[in-house]
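Q:
Numbering (the numbering used here), first residue to last: 1 to 217.
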């Protein structure tokens with residue numbers, strides 16, 4: 001998937017409806033329910049789930065302006081779940097994952113020696129999270145705002161549209177954050193939570209492989 005250079009100010013990319021997104025690299029990606037038995041060692045109850053992961057496709061558009069990279073995500077979700085008023089309520093969410101080593105596996109969220117970096121948005125929070133993980137149950141959430149990560153979202157006509165944006169180069173945790181450069185082929189994968197379907201934690205829809213990203217100069 002090519003990530004073109006578009007000569008526009010960064011704030012223009014944070015508008016999910018901006019016409020510049022018609023010039024971006026785009027793709028449709030199939031999603032599958034997380035193979036939940038993989039988390040049985042963490043939660044026997046959660047590993048019994050059979051109804052999670054109903055979202056089966058996501059659209060991604062990606063572009064950069066030489067300073068920041070922006071990832072536009074869109075998927076069908078008839079109900080907007082962005083509030084938690086009781087213990088049995090859950091919210092919509094989406095994440096993009098990036099490998100920090102060539103051997104990192106998106107399905108397991110990496111492992112002890114091969115971590116992944118993720119950008120994570122929940123519909124009930126104004127700010128995103130920057131996450132590092134070394135496998136299931138190891139996620140460490142960090143303030144996305146403090147690490148330069150921005151997000152914008154809109155729900156209309158039965159679809160969510162979410163845009164993540166961050167500097168091409170990692171900041172203070174450069175060894176624990178993904179960086180992007182024209183001479184480097186990165187990878188991306190996706191995860192979606194449907195709060196109306198009680199998706200949460202490992203109960204979600206995921207893409208099973210890294211999609212290569214070619215950052216154009």
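Idealized CB from N, CA, C, for every residue including glycine. Just so it is clear, the structure is predicted and the values come from calculations on it, not from any experiment.
How many angstroms separate the CA atom of residue 186 from the CA atom of residue 122?
A: Computed Cα separation, rounded: 24 Å.
Q: Would you identify the three-state DSSP class for residue 74, choosing helix, strand or coil?
A: The answer is strand: DSSP assigns residue 74 an E or B state.
Q: Assuming residue 98 and residue 116 are in contact, meaning their beta carbons sit under 8 Å apart, how far apart are those beta carbons, in whole angstroms?
A: Indeed they touch by this definition, with Cβ atoms about 7 Å apart.
Q: For residue 87, count neighbouring Cβ atoms within 10 angstroms of its own Cβ and tell me buried if that reaches 16, exposed if not.
A: Per the 10 Å Cβ criterion, exposed.
Q: Can you give me the C-alpha to C-alpha distance between residue 127 and residue 165, rounded to a whole angstrom?
A: So the two alpha carbons sit approximately 12 Å from each other.
Q: Since residue 179 and residue 168 are thought to touch, with beta carbons under 8 Å apart, how far apart are those beta carbons, to the nearest angstrom?
A: Sure, about 7 Å apart at Cβ, within 8 Å.
Q: Rounded to whole angstroms, what is the Cα-Cα separation between residue 131 and residue 141?
A: Straight-line Cα distance between these residues: approximately 5 Å.
Q: Pull up the DSSP beta-bridge partners for residue 117, would you.
A: Bridge partners of residue 117: 98, 132.
Q: Can you find a heavy atom of the ligand GDP that lies under 7 Å from the Cβ of residue 23?
A: Annotation note on the ligand GDP: not contained in the displayed structure, which lists no ligands.
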